[in-house]
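**Q** One structure coming up, written as structure tokens, with questions to follow.
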Ligand SMILES: Cc1cc2nc3c(=O)[nH]c(=O)nc-3n(C[C@H](O)[C@H](O)[C@H](O)COP(=O)(O)OP(=O)(O)OC[C@H]3O[C@@H](n4cnc5c(N)ncnc54)[C@H](O)[C@@H]3O)c2cc1C
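Residue numbers (full-length UniProt numbering): 1 to 381.
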């Protein structure tokens, strides 16, 4: 049983504690994911999470705001139970983040579907030539009478191939670099959208390379104003970056649980492995990493929920520390399992694969360091 003492920290209200406990119980009772077919598993997870009401938290309806503490608690809990369940929840939130924050009433009708689990969403920012370097994006939306013509490519798009709706960032040319981007809604059945390639990664998730073959978009597809795309993307990441840290925290808690169970049960040299002091040293390091990550994540989430306009520094610290620390915790847990650690069917083996991409997407660790350093240098000035 994972440590629950953090729920008594002052970052949370009673509703958060109830949410975490209720979701944990729901996962234990209902979350039995068949991973044989990744696409099908994701569709089923979105449907089930929607029907059970958990996806209501993934977006903000009219007059509501996104509650980052709830998003983090849900991701942490789901990740502790099943990485794909966390992915299915997270992408409904990230995919529709731009609509939650900036969508019109008409665009919000999509949000009702993603929150009910009847539509799947995706967030399409990365291109073959621009991942970390968003300002170098080349996919373009040319203004024409009545709308736009979308051309270009996006890659590494989660839910690519199974999404019903893509939020696409494309160049509209108001300025050079990041300031000349805009955000658009692209329903998956729009003529001209091509799934060029499905991408396979070490921890299977639906992922694709997309091509836009002169796609005709109506004016109503534009989210916010022309030229606001980068601001919109950064506002979405400002909310969801801490939640990547929360997912990593869920993986780390699971790894710590697995390690604790293993070292208590495994007999070596005539006693449980847990009695060796060097093993206790590893356990102490893991427990410390988990709590430090949790403190940074819920500090960032609480700060945002209290109305801070931007939490770039706090969210970058939370994501950077939690993802890097989770990698270390999982590696140690795997080591404590000996040969079984690398064996399929053992939780630490899949956690070892699951954690890796979190140190890359939504801003690689090096990019988070730049955000933190710029904030520190700015404060010093
Ligand atoms: C599993 C997975 C899911 C993804 N899902 C999505 C999605 O849904 N939507 C989407 O738009 N994108 C998605 N991505 C793409 C992801 O956001 C990019 O991979 C990420 O931003 C890094 O971009 P890149 O791969 O082009 O690497 P590059 O930009 O080429 O960077 C390579 C490496 O260089 C280093 N680096 C980069 N910039 C700096 C710097 N300024 N200083 C020092 N070092 C630096 C980092 O170590 C980085 O990992 C996903 C990626 C993966 C792996």
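Where a beta carbon is used, it is the ideal one built from N, C-alpha and C, also for glycine. The structure presented is a predicted model; accordingly, all values stated were derived computationally and were not measured.
1. Buried or exposed: which applies to residue 324, given that a residue is buried once 16 or more other Cβ atoms fall within 10 Å of its Cβ?
2. Taking the alpha-carbon positions, what's the residue 288 to residue 245 distance?
3. Report the partner residues of residue 165 according to the DSSP bridge assignment.
4. Shortest alpha-carbon distance to residue 227 belongs to which of 53, 263 and 142?
5. State the start and end residues of the unbroken beta strand (DSSP E) segment that holds residue 254.
6. Going straight from the alpha carbon of residue 154 to that of residue 256, what length do you get?
7. Please return the same chain residues whose Cβ sits closer than 8 Å to the Cβ of residue 317, not counting the five positions on each side in sequence.
8. Is residue 332 buried or exposed, if buried means 16 or more other CB atoms sit within 10 Å of its CB?
9. What are the complete alpha helix (DSSP H) segments, minimum 4 residues, inside the segment 14–84?
10. According to DSSP, is residue 209 part of a helix, a strand, or is it coil?
11. Between which two residues does the beta strand (DSSP E) carrying residue 156 extend?
12. Between the Cα of residue 313 and those of 377, 42 and 283, spot the shortest distance and give me the residue it belongs to.
13. With DSSP collapsed to three states, give me the class of residue 171.
14. Compute the distance between the beta-carbons of residue 159 and residue 96, then report whether it is under 7 Å.
15. Which residue comes first and which comes last in the beta strand (DSSP E) that contains residue 198?
16. At a threshold of 6 Å, does residue 126 count as lining ligand 2 (C-beta to nearest heavy atom)?
17. Give the secondary structure of residue 141 by DSSP, where H, G and I count as helix, E and B as strand, and everything else as coil.
18. Taking residue 83 as the reference, give the member of 362, 350 and 309 with the closest Cα.
19. Output the boundary residues of the alpha helix (DSSP H) element that contains residue 335.
20. Can the beta-carbon of residue 248 be found closer than 7 Å to that of residue 322?
21. Buried or exposed for residue 85, going by 16 or more other Cβ atoms inside 10 Å?
22. Relative to ligand 1, is the shortest distance from any of its heavy atoms to the C-beta of residue 123 smaller than 6 Å?
23. How close, in whole Å, do the beta carbons of residue 242 and residue 68 come, if the pair is a contact with beta carbons under 8 Å?
24. Between the segment 186–204 and the segment 23–34, can you find at least three pairs of beta-carbon atoms closer than 8 Å?
25. Taking 6 Å as the cut-off, is the CB of residue 196 close to at least one heavy atom of ligand 1?
26. Since I believe residue 236 is in contact with residue 178 (beta carbons under 8 Å), could you give me their beta-carbon distance rounded to a whole number of angstroms?
27. Apart from the five residues on each side of it in sequence, which residues of its chain come closer than 6 Å, Cβ to Cβ, to residue 76?
28. Taking the Cβ atom as the reference point for each residue, do residue 352 and residue 330 lie within a distance shorter than 7 Å?
29. With a Cβ-Cβ cutoff of 7 Å, do residue 73 and residue 16 count as a contact?
30. So is residue 304 buried or exposed if we call it buried at 16+ other beta carbons inside 10 Å?
31. Please classify residue 218 as buried or exposed, where buried requires at least 16 other C-beta atoms within 10 Å of its C-beta.
32. CB of residue 364 to nearest heavy atom of ligand 1: below 6 Å?
**A** Well, looking at it:
1. Residue numbering aside, residue 324 sits at position 324 when the chain shown is read from its first letter. Buried, by the Cβ-count rule.
2. Taking the first residue of the chain shown as 1, we reach residue 288 at position 288. Taking the first residue of the chain shown as 1, we reach residue 245 at position 245. Going by the C-alpha atoms only, they are around 16 Å apart.
3. Locating residue 165 in the chain shown gives position 165, counting from the first residue. Residue pairing from DSSP places residue 165 in a beta bridge opposite 121 and 187.
4. Taking the chain shown and counting its residues from 1, one reaches residue 227 at position 227. Among 53, 263 and 142, the Cα nearest to that of residue 227 belongs to 142.
5. Here residue 254 is taken as the residue at index 254 of the chain shown, counted from 1. Here residue 254 belongs to no beta strand (DSSP E); instead the alpha helix (DSSP H) covers 229–265.
6. For the purposes of this step, residue 154 is taken as the residue at position 154 of the chain shown. For the purposes of this step, residue 256 is taken as the residue at position 256 of the chain shown. The straight-line gap from Cα to Cα measures roughly 37 Å.
7. Taking the first residue of the chain shown as position 1, residue 317 is located at position 317. Excluding residues within five positions, the ones whose Cβ falls inside 8 Å are 296, 300, 368 and 372.
8. Looking up residue 332 in the chain shown gives position 332. Buried, since its Cβ has 16 or more Cβ neighbours within 10 Å.
9. 14–30, 38–51 and 68–81
10. In the chain shown, the residue the question calls residue 209 occupies position 209. In this structure, residue 209 counts as strand in the three-state DSSP scheme.
11. Within the chain shown, numbered from 1, the residue matching residue 156 stands at position 156. Counting along the chain, the beta strand (DSSP E) containing residue 156 begins and ends at 147–158.
12. On the chain shown, residue 313 is found 313 positions in, with the first residue counted as 1. Ranked by how close their Cα comes to the Cα of residue 313, the residues 377, 42 and 283 have 377 in first place.
13. Looking up residue 171 in the chain shown gives position 171. If DSSP states are grouped into helix, strand and coil, residue 171 belongs with the strands.
14. Here the question's residue 159 lines up with position 159 in the chain shown. Here the question's residue 96 lines up with position 96 in the chain shown. No. Outside cutoff.
15. To locate residue 198, count along the chain shown from 1; it is residue 198. Element bounds for residue 198: 193–198.
16. Among the ligands in the structure shown, ligand 2 does not appear; only ligand 1 can be found there.
17. Residue mapping note: residue 141 aligns to position 141 of the chain shown, counting from 1. The answer is strand: DSSP assigns residue 141 an E or B state.
18. Position 83 of the chain shown, counted from the start, is the residue given in the question as residue 83. Comparing Cα-Cα distances from residue 83 to each of 362, 350 and 309, the minimum goes to 350.
19. For this step, residue 335 is matched to residue 335 along the chain shown. 312–336 is the extent of the alpha helix (DSSP H) around residue 335.
20. As a working mapping, residue 248 is identified with position 248 in the chain shown. As a working mapping, residue 322 is identified with position 322 in the chain shown. Yes; because the gap between Cβ atoms is below 7 Å, this pair is in contact.
21. One-based indexing of the chain shown puts residue 85 at position 85. Buried, because 16 or more other Cβ atoms sit within 10 Å of the Cβ of residue 85.
22. In the chain shown, residue 123 corresponds to position 123, counting from 1. Checking the Cβ of residue 123 against ligand 1 gives yes.
23. As a position in the chain shown, residue 242 is number 242, starting the count at 1. As a position in the chain shown, residue 68 is number 68, starting the count at 1. Rounded, the Cβ-Cβ distance is 6 Å, consistent with contact.
24. no
25. On the chain shown, position 196 is the one that residue 196 refers to. No, since every heavy atom of ligand 1 falls outside the 6 Å radius drawn around the Cβ of residue 196.
26. The residue you call residue 178 lines up with position 178 of the chain shown. The residue you call residue 236 lines up with position 236 of the chain shown. Actually they do not touch by this definition, with Cβ atoms about 14 Å apart.
27. Position 76 of the chain shown holds residue 76. Once the five neighbours on either side are set aside, the close Cβ partners of residue 76 are 246, 249 and 250.
28. What you label residue 352 is simply residue 352 of the chain shown in a count that begins at 1. What you label residue 330 is simply residue 330 of the chain shown in a count that begins at 1. Their beta carbons are under 7 Å apart, which means residue 352 touches residue 330 by this criterion.
29. As a first step, residue 73 is located in the chain shown; it is residue number 73 there, counting from the start. As a first step, residue 16 is located in the chain shown; it is residue number 16 there, counting from the start. Their beta carbons are under 7 Å apart, which means residue 73 touches residue 16 by this criterion.
30. Residue mapping note: residue 304 aligns to position 304 of the chain shown, counting from 1. By the 16-neighbour rule on beta-carbons within 10 angstroms, residue 304 is buried.
31. The residue given as residue 218 occupies position 218 in the chain shown. With fewer than 16 Cβ atoms within 10 Å of its Cβ, residue 218 is classed as exposed.
32. In the chain shown, counting from the first residue as 1, residue 364 sits at position 364. Yes; taking the cut-off as 6 Å, the Cβ of residue 364 has a heavy atom of ligand 1 nearer than that.
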